[in-house]
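Q: So for the sequence shown, my numbering puts the first residue at 383; every next one is plus one. Backbone N, C-alpha and C fix where the C-beta goes; we use that ideal spot for every residue, glycine too. Can you read through this structure? Questions will come right after.
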Amino acid sequence: MKKIILSFIAIGILFSCGKTKEENIIAEAETEIKEEVKEELQPISDTVMENAIIYEANIRQYSAEGSFNAFTKDIPVLKELGVKVLWLMPIYPISTTKSKGSLGSYYAISDYTKVNPEFGTIEDFRTLVKTAHDNDIYVILDWVANHTGWDHIWLKEHPEYYTKDTEGNITHTVDTDWTDVADLNYDNTAMREQMKNDMIYWLKEEGVDGFRCDVAGMVPVDFWNTTVTELKKIKPVFMLAEGWEPELLENAFDMGYGWDTHHKMNDIAQGKSNVSEWDKRMVQIDTMYAKDDILMNFTSNHDENSWNGTVKERMGEAAEVFAALSYVAPGMPLIYSGQEYDMDKRLLFFEKDTIIKKKNKFFPLYKKLGKLKNTNPALHGGKNAASYTRITTSDDKKVLAFARKKDNHEVVFVANLTKEPVKFTTEYKGEFTNYLSGDNFEIKPGQEYELAAWDYWILIKK
Numbered sequence: 383m384k385k386i387i388l389s390f391i392a393i394g395i396l397f398s399c400g401k402t403k404e405e406n407i408i409a410e411a412e413t414e415i416k417e418e419v420k421e422e423l424q425p426i427s428d429t430v431m432e433n434a435i436i437y438e439a440n441i442r443q444y445s446a447e448g449s450f451n452a453f454t455k456d457i458p459v460l461k462e463l464g465v466k467v468l469w470l471m472p473i474y475p476i477s478t479t480k481s482k483g484s485l486g487s488y489y490a491i492s493d494y495t496k497v498n499p500e501f502g503t504i505e506d507f508r509t510l511v512k513t514a515h516d517n518d519i520y521v522i523l524d525w526v527a528n529h530t531g532w533d534h535i536w537l538k539e540h541p542e543y544y545t546k547d548t549e550g551n552i553t554h555t556v557d558t559d560w561t562d563v564a565d566l567n568y569d570n571t572a573m574r575e576q577m578k579n580d581m582i583y584w585l586k587e588e589g590v591d592g593f594r595c596d597v598a599g600m601v602p603v604d605f606w607n608t609t610v611t612e613l614k615k616i617k618p619v620f621m622l623a624e625g626w627e628p629e630l631l632e633n634a635f636d637m638g639y640g641w642d643t644h645h646k647m648n649d650i651a652q653g654k655s656n657v658s659e660w661d662k663r664m665v666q667i668d669t670m671y672a673k674d675d676i677l678m679n680f681t682s683n684h685d686e687n688s689w690n691g692t693v694k695e696r697m698g699e700a701a702e703v704f705a706a707l708s709y710v711a712p713g714m715p716l717i718y719s720g721q722e723y724d725m726d727k728r729l730l731f732f733e734k735d736t737i738i739k740k741k742n743k744f745f746p747l748y749k750k751l752g753k754l755k756n757t758n759p760a761l762h763g764g765k766n767a768a769s770y771t772r773i774t775t776s777d778d779k780k781v782l783a784f785a786r787k788k789d790n791h792e793v794v795f796v797a798n799l800t801k802e803p804v805k806f807t808t809e810y811k812g813e814f815t816n817y818l819s820g821d822n823f824e825i826k827p828g829q830e831y832e833l834a835a836w837d838y839w840i841l842i843k844k
C-alpha cells in the first residue's frame with residue numbers, strides 16, 4: 383500500500399504595497415488529497431518466483447460448501463503461510479456423459495471458458511482472483527489441453543478436433559483408463575488455435591497469471607512453445623508443467639514436477655532407499671536440466687493423496703523432515719489443500735468430501751518454513767537459484783547435509799533420514815542459529831553430533 387496525502391492548505395490573503403485589494407488577494411488553494419491508493423500487484427516475474435511457495439487448491443473439497451466464496455475467505459490465511467502462487471484445480475463445468483462417480487472428474491471439461499456452477503458464479507471467481515491479488519498472491523489455472531469431456535461442444539461442432547480409431551470413432555486417450563474423456567488430435571491446426579484462444583480468454587478477461595498444464599508431456603511440445611509465446615505477448619505468465627521432460631522447460635514452461643525427487647522421498651521414508659539415492663537424484667537433476675529450470679518439490683498433491691495414499695501412509699514419522707526438505711532443497715515447495723491442517727485422509731476424487739481445518743503440528747511449521755523461504759536468498763529456487771553443496775559426514779548413507787548459499791547468505795540443512803538415532807562427525811565448520819529453536823549452534827570439525835530418528839536442523843549462518 384502507498385499513501386498519497388491530500389488536504390487543503392489555505393495560503394491566506396497576502397497584501398503587497400501599492401496594489402489593490404483584489405490584486406493582492408490570492409484566491410487559489412494548494413491541494414493535497416488524502417486517500418489510500420492500493421498498489422496493483424506487479425506482473426509475475428522471475429524475481430518473484432525465486433522465493434515463492436505454491437498452493438494447490440481443491441475447491442470442491444476445501445470446505446463443506448465446496449465453493450469459491452468459502453475458499454476466498456481463507457486466502458489471507460494462505461498469505462500467513464508465505465504462499466505466492468495459488469494453483470486452482472480445474473474450475474470449469476464437468477461433463478456428465480461417461481462421467482465417473484456422482485460428480486465426475488475436474489479433468490473432464492465441458493467448456494473451457496465457463497466456471498463450474500458447483501463452485502459458484504464467474505463473479506465469485508473474480509472476487510477470488512481479486513482477493514488473491516490484494517494479498518500479493520498470483521493465480522494460475524489448471525489447464526487440461528490433452529482431452530475434453532464427452533459433453534464438450536466441440537464433439538458436435540468439430541469432431542475433426544478429436545482422435546479417432548480405425549473405424550472412425552472418437553476415442554479416449556490411448557493406454558489410459560480415462561474413459562470419461564475424449565482425446566484431442568493435435569494434428570488439427572484449427573483445434574490448436576481455439577485451444578490457444580481459450581487460454582487467452584482467462585488472461586485477458588479474468589486476469590489470471592498463468593497455467594498449470596495437465597499431462598503436459600502428452601501434448602506436443604511445439605504447441606506449448608508456440609502458444610506460450612503468444613500468451614507472453616499479452617502479459618507475463620507463470621507456466622507449470624505436470625511433467626518432468628526437460629524439453630518442456632526449454633521454452634514454454636518455467637517449472638516442472640520433481641516426480642523422481644518425490645519418489646526418492648517416499649522410498650527413503652519407507653526404508654527402501656537411503657541418502658545415497660538422494661545424492662544420485664541431485665546429480666541427475668544437474669545432468670538433465672538447465673540451470674534456470676525450476677522443479678516443484680512436494681510430499682503430496684491431488685493425485686498422490688487420492689490414489690497413492692496420505693503423507694502419513696507413505697512417509698509415516700518422516701513426514702515432517704521431508705516437508706522441511708521440500709522447502710530448503712533447490713526448487714519451489716508445494717502445499718496441497720489440507721496439508722497445512724495435518725490432513726490424514728485420502729480425499730474422494732469423484733464425490734464430495736471435506737477437509738477438516740484444525741491447526742495442529744504442520745500449520746506453524748509451514749508458517750515458519752514459509753517465512754524463511756520468502757526472506758532468505760540462500761533458499762532461492764528459481765531461475766537464479768542459490769547454490770547447493772553437499773556436506774560430507776561420517777555416515778552419508780544416513781545423514782543428509784548440505785549448504786545453500788547466495789550472496790552473503792547461507793543455510794545449512796542436516797537431517798537423519800532413518801528410523802534410528804545416528805551419530806556422526808563432519809569437517810564442516812561455522813557458527814549458526816538453529817532456525818526452529820532459535821538457539822546458537824556451532825559446527826566444529828571432528829566433533830560428534832547425534833540426531834534422533836527423522837530429526838533435522840535448519841541452520842542460518844551468522
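#1: Decide if residue 721 is buried, meaning its Cβ has at least 16 other Cβ atoms within 10 Å, or exposed.
#2: Less than 7 Å between C-beta atoms, sequence neighbours within five positions excluded: which residues of the same chain meet that for residue 759?
#3: Which residue marks the beginning of the beta strand (DSSP E) containing residue 531, and which one marks its end?
#4: Taking contact to mean at least 3 C-beta pairs separated by less than 8 Å, is the segment 621-630 in contact with the segment 591-609?
#5: Taking the DSSP output, what are the residues bridged to residue 769?
#6: Using C-beta distances below 7 Å, list every residue in its chain close to residue 496, excluding the 5 sequence neighbours before and after it, in chain order.
#7: Could you tell me whether the segment 646-659 touches the segment 579-598, where touching means 3 or more Cβ pairs closer than 8 Å?
#8: Would you check if the distance between the CB atom of residue 705 and the CB atom of residue 693 is smaller than 9 Å?
#9: Enumerated in chain order, which unbroken segments of the beta strand (DSSP E) with a length of 3 residues or greater are wholly contained in the segment 513-585?
#10: Would residue 513 be called buried (16 or more neighbouring beta carbons within 10 Å of its own) or exposed?
#11: When DSSP labels each residue in this structure, what does residue 610 get in the three-state scheme?
#12: Helix, strand or coil for residue 804, going by three-state DSSP, please let me know.
#13: Under the three-state reduction of DSSP, which class applies to residue 781: helix, strand or coil?
#14: Under DSSP, the beta strand (DSSP E) around residue 678 begins and ends at which residues?
#15: Suppose you measure from the CA of residue 405 to the CA of residue 588; what does that come to, to the nearest Å?
#16: To the nearest angstrom, report how far apart residue 678 and residue 730 are at their CA atoms.
#17: Would you kindly check if the distance between the Cβ of residue 783 and the Cβ of residue 837 is under 9 Å?
#18: When you compare each of 656, 666, 754 to residue 801 by their alpha carbons, which one comes out closest?
#19: Which class does residue 476 belong to by DSSP, given the choice of helix, strand or coil?
#20: Would you identify the three-state DSSP class for residue 715, choosing helix, strand or coil?
#21: Kindly list the residues whose CB is nearer than 6 Å to the CB of residue 671, restricted to its own chain and excluding five residues on each side of it in sequence; keep chain order.
#22: Kindly list the residues whose CB is nearer than 7 Å to the CB of residue 554, restricted to its own chain and excluding five residues on each side of it in sequence; keep chain order.
#23: When you compare the segment 678-690 with the segment 817-824, are there three or more beta-carbon pairs, one atom per stretch, that lie closer than 8 Å?
#24: So, do the segment 524-531 and the segment 485-500 have three or more beta carbon pairs nearer to each other than 8 Å?
#25: Compare the beta carbon distance of residue 724 and residue 740 with 9 Å and say whether it is the shorter of the two.
#26: Which of the three DSSP states is assigned to residue 504 in this structure?
#27: Among 643, 610, 641, whose alpha-carbon lies nearest the alpha-carbon of residue 635?
#28: Starting from the C-beta of residue 543, find all residues in its chain whose C-beta is less than 7 Å away, skip the five residues before and the five after it, and write them out in chain order.
#29: Ends of the beta strand (DSSP E) at residue 749?
A: The relevant details are as follows:
#1: By 1-based counting over the sequence shown, the position of residue 721 is 339. Answer is buried; the Cβ neighbour count reaches 16.
#2: Counted from its first residue, the sequence shown places residue 759 at position 377. Closer than 7 Å at the Cβ level, and outside the excluded window around residue 759, lie 768, 788, 789, 791.
#3: Counting from 1 along the sequence shown, the entry for residue 531 is found at position 149. 529-531 is the extent of the beta strand (DSSP E) around residue 531.
#4: The segment 621-630 vs the segment 591-609: in contact.
#5: For the purposes of this step, residue 769 is taken as residue 387 along the sequence shown, with counting starting at 1. Looking at the DSSP assignment, residue 769 forms a beta bridge with 787.
#6: Counted from its first residue, the sequence shown places residue 496 at position 114. Result list for residue 496: 474, 475, in chain order.
#7: no
#8: The residue labelled residue 705 in the question sits at position 323 within the sequence shown. The residue labelled residue 693 in the question sits at position 311 within the sequence shown. Result yes, Cβ atoms of residue 705 and residue 693 sit closer than 9 Å.
#9: 520-525, 529-531, 563-565
#10: Here residue 513 corresponds to residue number 131 of the sequence shown, with the count starting at 1. Residue 513 is buried by the Cβ-count criterion.
#11: Within the sequence shown, residue 610 is the residue found at index 228, counting from 1. Helix, per DSSP.
#12: Here residue 804 refers to the residue found at position 422 of the sequence shown. Three-state result, residue 804: strand.
#13: As a working mapping, residue 781 is identified with position 399 in the sequence shown. DSSP, reduced to helix, strand and coil, places residue 781 within a strand of the structure shown.
#14: As a working note, residue 678 is residue 296 in the sequence shown. It spans 676-679 - the beta strand (DSSP E) in which residue 678 sits, taken as one unbroken run.
#15: The sequence position of residue 405 within the sequence shown is 23, counting from 1. The sequence position of residue 588 within the sequence shown is 206, counting from 1. Interpretation of residue 405 is limited by its pLDDT of 46, a score under 50 that renders its predicted location unreliable; no figure is taken from the coordinates.
#16: As a working note, residue 678 is residue 296 in the sequence shown. As a working note, residue 730 is residue 348 in the sequence shown. Looking at the two C-alpha atoms, the distance is approximately 24 Å.
#17: The sequence position of residue 837 within the sequence shown is 455, counting from 1. The sequence position of residue 783 within the sequence shown is 401, counting from 1. No.
#18: In the sequence shown, residue 801 corresponds to position 419, counting from 1. In this structure, 656 is the residue among 656, 666, 754 with its C-alpha nearest to the C-alpha of residue 801.
#19: By one-based count along the sequence shown, residue 476 stands at place 94. In this structure, residue 476 counts as strand in the three-state DSSP scheme.
#20: As a first step, residue 715 is located in the sequence shown; it is residue number 333 there, counting from the start. In the structure shown, the three-state DSSP call for residue 715 is strand.
#21: Residue numbering aside, residue 671 sits at position 289 when the sequence shown is read from its first letter. Residues of the same chain with a CB within less than 6 Å of the CB of residue 671, apart from the 5 flanking positions on each side, are 628 in chain order.
#22: In the sequence shown, counting from the first residue as 1, residue 554 sits at position 172. For residue 554, where only same-chain residues beyond five positions count, the Cβ hits under 7 Å are 560, 561, 563, 564, 565.
#23: no
#24: yes
#25: To locate residue 724, count along the sequence shown from 1; it is residue 342. To locate residue 740, count along the sequence shown from 1; it is residue 358. In this structure, residue 740 lies closer than 9 Å to residue 724 by Cβ.
#26: Reading the sequence shown from its first residue, position 122 is the one you call residue 504. In the three-state reduction of the DSSP assignment, residue 504 falls in the helix class.
#27: Here residue 635 corresponds to residue number 253 of the sequence shown, with the count starting at 1. Minimum Cα distance to residue 635 is reached at 610.
#28: Working through the sequence shown from its first residue, we reach residue 543 at position 161. Same-chain partners within the cutoff: 536, 566, 567, 570, 573.
#29: Residue 749 sits at position 367 when you count from the first residue of the sequence shown. Where residue 749 is concerned, there is no enclosing beta strand (DSSP E), although the alpha helix (DSSP H) it sits in stretches over 744-757.
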